[in-house]
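In what follows, a single structure is set out as structure tokens and then discussed.
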Amino acid sequence: MAGARMTTLRRAVRTSTLSLALLVLAFLLTACPSGSGGDGGGSTPTPSATPGPTLNGEAPVVTLKLDMRDIAYGAEELRAPAGAVFAIEFRNRGVIEHDFTIDEFAGDASEFALDNDEYDVHVLLDRGESATLLLRVPQAGTIEFYCTIPGHREVGMEGVLVVE
21 MAGARMTTLR RAVRTSTLSL ALLVLAFLLT ACPSGSGGDG GGSTPTPSAT
71 PGPTLNGEAP VVTLKLDMRD IAYGAEELRA PAGAVFAIEF RNRGVIEHDF
121 TIDEFAGDAS EFALDNDEYD VHVLLDRGES ATLLLRVPQA GTIEFYCTIP
171 GHREVGMEGV LVVE
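Taken in order, the sequence shown gives residues 21 to 184; the numbers are from this note's numbering.
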């Protein structure tokens with residue numbers, strides 16, 4: 021009788037382990053961004069066609085798109101012109117909140133992104149939300165950005181803004 025119970029217990033453990041492994045695999049497959057084309061939220065600048073927000077009275081000369089997913093940005097590198105106003109359109113396509121954070125920033129930015137004592141630039145979006153950030157960086161250089169949600173940066177939710 022004890023042998024039958026052990027066999028049943030082993031089957032239950034195997035079934036539970038397999039179920040958990042399949043659940044983790046399903047999550048990873050849906051959470052990872054695909055590498056195939058489409059509107060992946062890359063860094064290809066597009067001219068600003070519609071009137072919109074301005075930064076100190078200046079409209080952006082280019083608009084970059086950056087999707088936030090679980091747990092990655094749609095692009096690891098964004099490129100923008102030095103000295104000119106540019107926009108970054110964010111969309112959180114993930115199921116949890118994500119953010120875009122720059123620790124040290126020497127330039128102008130949309131007022132809403134500056135309202136944080138800990139970071140120079142910070143945009144926090146809940147799932148499904150979007151926002152447009154306007155920036156002007158006076159000099160060429162590379163600026164690191166990342167997600168501050170615990171564990172996200174550690175698994176690669178970070179990138180660079182290359183200003184040229």
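C-beta atoms are modelled at their ideal positions from N, C-alpha and C, and glycine is treated no differently. What you are looking at is a predicted structure, and each value in this text was computed from that prediction instead of being measured.
Asked, Found
"Cα-Cα separation between E178 and E117, rounded to whole angstroms", "15 Å"
"Alpha carbon of T162 to alpha carbon of A126, nearest angstrom", "11 Å"
"Proximal residues to E124 (C-beta, below 7 Å), its chain only, five neighbours per side dropped", "D140"
"Integer-rounded CB distance, given that I108 should sit under 8 Å from L144", "Rounded, the Cβ-Cβ distance is 14 Å, inconsistent with contact."
"Rounded separation between N136 and H142 - CA only", "7 Å"
"N- and C-terminal bounds of the beta strand (DSSP E) containing V175", "Looking at the DSSP string, V175 is not in any beta strand (DSSP E), and its letter there is neither H nor E."
"Same chain only: Cβ atoms within 6 Å of A10, ignoring 5 sequence neighbours per side", "Because residue 10 is not part of the residues shown, which for the chain are 21 to 184, the question remains open."
"Inter-residue spacing [alpha-carbon to alpha-carbon] between G114 and G148", "7 Å"
"Beta-carbon separation (whole angstroms), A92 vs G171, contact threshold 8 Å", "Not confirmed; about 13 Å, so no contact."
"A133, DSSP secondary structure in three states", "helix"
"Residues bridged to Y139 [DSSP beta-bridge criterion]", "Answer by DSSP bridge pairing: none, since Y139 is not bridged."
"With 16 other Cβ atoms within 10 Å as the buried cut-off, status of D87", "buried"
"Nearest-angstrom Cα separation, counted from G72 out to E138", "29 Å"
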